[in-house]
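Sequences listed follow chains A and B, in order. The first sequence begins at 593 in the numbering used here and counts up one residue at a time. The second sequence begins at 593 in the numbering used here and counts up one residue at a time. In this text, a Cβ means the ideal position worked out from N, Cα and C, and glycines have one as well.
Number of protein chains: 2
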Amino acid sequence: MKSNHSPQFAERTLMMKSSVIREMMKFTQQPHVISFAGGLPAAEKFPLDALSDAWHTLFDKTRPSAFQYGPTEGQPSLRKWIGERLQVPVANVIITTGSQQGLDLLGKIFVERNRRLLVEAPTYLGALQAFSIYEPEYVTVPSDEDGIVTEAINAEDCENASFLYLVPNFQNPTGRQLSMRRRQALIEKAQAHNLLLVEDDPYGQLCYSGEQFPTLQSMDPERVVYLGSFSKVLAPGLRVGFIVAPTEILDKLVQAKQATDLHTCSVAQELVYAVVSNGSFDTHLSNIRDLYKQRCDAMMRALEINMPPEVQWTNPMGGMFIWVTLPIHVNTVDLLNAAIEKGVAFVPGGSFFAHTPSHSNTMRLSFATVNATQIEAGIKILSALVIEHINIGK
Amino acid sequence: MKSNHSPQFAERTLMMKSSVIREMMKFTQQPHVISFAGGLPAAEKFPLDALSDAWHTLFDKTRPSAFQYGPTEGQPSLRKWIGERLQVPVANVIITTGSQQGLDLLGKIFVERNRRLLVEAPTYLGALQAFSIYEPEYVTVPSDEDGIVTEAINAEDCENASFLYLVPNFQNPTGRQLSMRRRQALIEKAQAHNLLLVEDDPYGQLCYSGEQFPTLQSMDPERVVYLGSFSKVLAPGLRVGFIVAPTEILDKLVQAKQATDLHTCSVAQELVYAVVSNGSFDTHLSNIRDLYKQRCDAMMRALEINMPPEVQWTNPMGGMFIWVTLPIHVNTVDLLNAAIEKGVAFVPGGSFFAHTPSHSNTMRLSFATVNATQIEAGIKILSALVIEHINIGK
């Protein structure tokens, strides 16, 4: 009874492709590789004892509700904790299957063909993947050391736009933080042009030095959709994130989520709640901040010592990433192939732009999962290759 | 800085609505209600001891991989177990965040405007919700006591269709099982008209009596996408399901899933694996089969004793549902309002049709979460109301 069948995919499917990062993960997981590629948190700092203890709460009085179907909006205890922590009404909080699902749900309810979607250049690759399925017309807004250049947002681009998506804190891939002046300017611009803002904030709590600024959501709750995540501050394998949104938008998110996965794993939600609601969560946060700061400092030092003067990089005050710009003639895809042979990995920067190919002379380095010794060794190897590749092109 | 903002949703969003079942859940969760409404499994049979033991495996040698980002395809151990259980290659298995996500992913890669999508009449409400977001042109195929009427599928409807979606075993909402003769006819029809089949099988393992038939997937692996779930046989709060698909389709599902939630909660996957891979899973299955069979029998008896002769219902050999057809002039939405006042709930049948309003004289009864005493009391109340509503219309 077997037969050959050629699947006829939807048109949107033709635009899907597996990400460079994903393909690279297979390589970077080999133990001998010094990987600056992944956006993973440091596994050695997962609060395993707290997670282990948390399990027992599932078999207490909530038993067995964590194993039955649960509400689409999320477990009430966790929503309440988030509401209190962020000082937002609990009714405006929905739990998502990681922040990535938050992006997909926003794509579902806002993004469509023949409508503009404004993104930073560069921007988070996973957001481009999530939104592209819904076939937006991307408008890219440049960014500098203060984050997105608000002056570059013009009225025409905002007209009938789905929203502007940005990562204001320690951005992926640049590590940059949106300045206070720019935050104010952005809110004013959005108000003037009736633009919805989507504020993706997985790294906001990983602030190592300098000042923390208010969220855009707190500055204009009716105009900003805020995405948060426990992936970077607790454990990504749990797949628990959340969205804070104005009521009318939240209602549509709930309907979209119901059709998408009914609700997020209740066991994971209850585990997250048990860990974050006991007093040790802030201690844990402080521990990982210290670790990442040390690693960030180590990478900055190694870059300063080893990289030739033509190379520039960002100076992150938090998060996991440093963005490196090489002379224009150096192609980081070629550089990656050479680096992989020497046992070092990073992500070529081109993937982070909505309109590719572009910026082929950039790369993203993550310092989160590598210790100081590996950072020194890896940056030394990489710098030698960069010098070679600069000279090849001369 | 606050401002008013009117969100401009995508066109597809305007068609989203919260399901009747979801709205009803709020009511049916009140303790005094005898609810035949939800499609929930019986919580008192969740294998809590096995789940509790399973937790420790996460902190064994797999530690801490269940807490880090994992592969989009799913945890290798669970995929391997599914592959062996279903006798399919492990490379053709992807883990999903419940079966509901499987439906969303299939919608993402196959369903689009101006293309037909064939569904049974009636069909699973959650599938309609998942697919409708991608704006299909629904074609409904009638069903009878042997399942979908294959003779009613014509060549024109199959032309450029995304796929035919069906639940062959103990269907939601009818409880019907597709006969062997119809299975063969369906595969032949699909081959003749180059039609892809999506076989959703959450209830296949809940077979109480009669014969089990081969899956459509096993009959033509290149033409059938198979969806499975641990929600009904283990615990839905874990949100773990899976898809078995031909390689070309699986590759696109992986890309779509990556953009949707990166991967399913690894902790939940490892818990499922720990429970199903220890010998007690088949004993557990046997226990819930016995319980549901008793409840099914109790409901059949109660219907026979109490319902007037004008009322008809299906005779399920498995699953969770009985489908009741009342005289044409009885509207089950009105009936539900009256029933709720008397403390009984069910789902009006109209929601299960792609083209509504229709079949307003039908309803779905679930026997899974109610004990024999509740079934007797609830069906007695419901039958009295049915008699009243039949007489009103006369």
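| Query | Result |
| --- | --- |
| Please check if any C-beta of chain B sits within less than 9 Å of the C-beta of H597 (chain A). | yes |
| Report yes or no: do the segment 851-861 of chain B and the segment 823-839 of chain B share at least 3 C-beta pairs separated by less than 8 Å? | yes |
| Counting only Cβ pairs nearer than 8 Å, list the residues of chain B close to D696 (chain A). | A851, T852, D853 |
| Out of curiosity, what's the CA-to-CA distance linking L808 (chain A) and Q776 (chain A)? | 9 Å |
| Just to make sure I have the definition right: I need the residues of chain A whose C-beta is within less than 7 Å of the C-beta of F651 (chain B). Which are they? | L640, S644 |
| Based on DSSP bridge pairs, tell me the residues matched to M955 (chain B). | B:V916, B:P940 |
| Would you report the Cα separation of G942 (chain B) and K849 (chain B), rounded to the nearest angstrom? | 31 Å |
| Looking at C-beta atoms only, is the number of pairs between the segment 657-677 of chain A and the segment 958-972 of chain A that lie closer than 8 Å three or more? | no |
| Pull out every residue of the segment 725-736 of chain A whose Cβ sits closer than 8 Å to any Cβ of chain B, in chain order. | I725, Y726 |
| Using a Cβ-Cβ cutoff of 7 Å, what residues of the segment 669-703 of chain B are near chain A? List them in chain order. | T689, G690, Q692, Q693, D696, K700, I701, F702, V703 |
| On the DSSP bridge list, what partners appear for I674 (chain B)? | I674 (chain B) pairs with nothing; no bridge assigned. |
| Less than 9 Å between CB atoms is the rule here; does E814 (chain B) satisfy it with respect to chain A? | yes |
| What are the boundary residues of the alpha helix (DSSP H) that I725 (chain B) is part of? | Where I725 (chain B) is concerned, there is no enclosing alpha helix (DSSP H), given that its DSSP letter is neither H nor E. |
| How would you list, in chain order, the residues of chain A whose beta-carbon sits under 7 Å from the beta-carbon of S952 (chain B)? | Result: empty, since nearest Cβ-Cβ is about 23 Å, beyond 7 Å. |
| Please determine, among B:F834, B:F805, B:A782, the residue with the shortest C-alpha to C-alpha distance to L819 (chain B). | B:F834 |
| Can you give me the Cβ contacts of F873 (chain A) inside the same chain, cut-off strictly under 7 Å, excluding the 5 residues immediately before and after it? | V867 |
| With distance defined between alpha-carbon atoms, name the residue in A:Q763, A:T766, A:G796, A:P813 nearest to Q783 (chain A). | A:P813 |
| What are the complete beta strand (DSSP E) segments, minimum 3 residues, inside the segment 719-801 of chain A? | 729-736, 756-758, 789-792 |
| Decide if the segment 593-607 of chain B is in contact with the segment 906-915 of chain A; the criterion is three or more beta carbon pairs, one per stretch, under 8 Å apart. | no |
| Would you tell me roughly how many angstroms separate the C-alpha atoms of Y726 (chain A) and S691 (chain A), rounded to the nearest one? | 17 Å |
| Which whole-angstrom value describes the C-beta separation of L643 (chain B) and L863 (chain B), a residue pair presumed to lie in contact below a C-beta threshold of 8 Å? | 6 Å |
| Let me confirm a value: I897 (chain A) is counted as buried when at least 16 other C-beta atoms fall within 10 Å, else exposed. Which label applies? | exposed |
| For E791 (chain B), does the count of other Cβ atoms within 10 angstroms reach 16, so buried, or fall short, so exposed? | buried |
| Would a C-beta distance cut-off of 9 Å place E780 (chain A) and G739 (chain A) closer than the cut-off? | no |
| Can you check which of these residues, B:I982, B:F762, B:K637, B:L678, is closest to V836 (chain B) by C-alpha distance? | B:L678 |
| Is C888 (chain B) close to chain A, meaning its C-beta is less than 9 Å from at least one C-beta of that chain? | no |
| Closest to K885 (chain A) by C-alpha separation, out of A:H597, A:P681, A:A960, would be which residue? | A:A960 |
| Given that E859 (chain A) touches chain B, what residues does it touch there, using C-beta distances under 9 Å? | According to the sequence as given, residue 859 (chain A) is Val; it is not Glu. Result: L643, A827, G829, L830, R831, C857, V859, A860, L863. |
| If the criterion is Cβ atoms closer than 9 Å, does the pair L698 (chain A) and A722 (chain A) meet it? | yes |
| Can you check which of these residues, B:H981, B:M955, B:N752, is closest to F601 (chain A) by C-alpha distance? | B:N752 |
| Can you pull the chain A residues whose beta carbon is under 7 Å from the beta carbon of E603 (chain B), in chain order? | E704 |
| For K700 (chain B), count neighbouring Cβ atoms within 10 angstroms of its own Cβ and tell me buried if that reaches 16, exposed if not. | buried |
| Could you check where the beta strand (DSSP E) with G833 (chain B) kicks off and where it finishes? | 833-836 |
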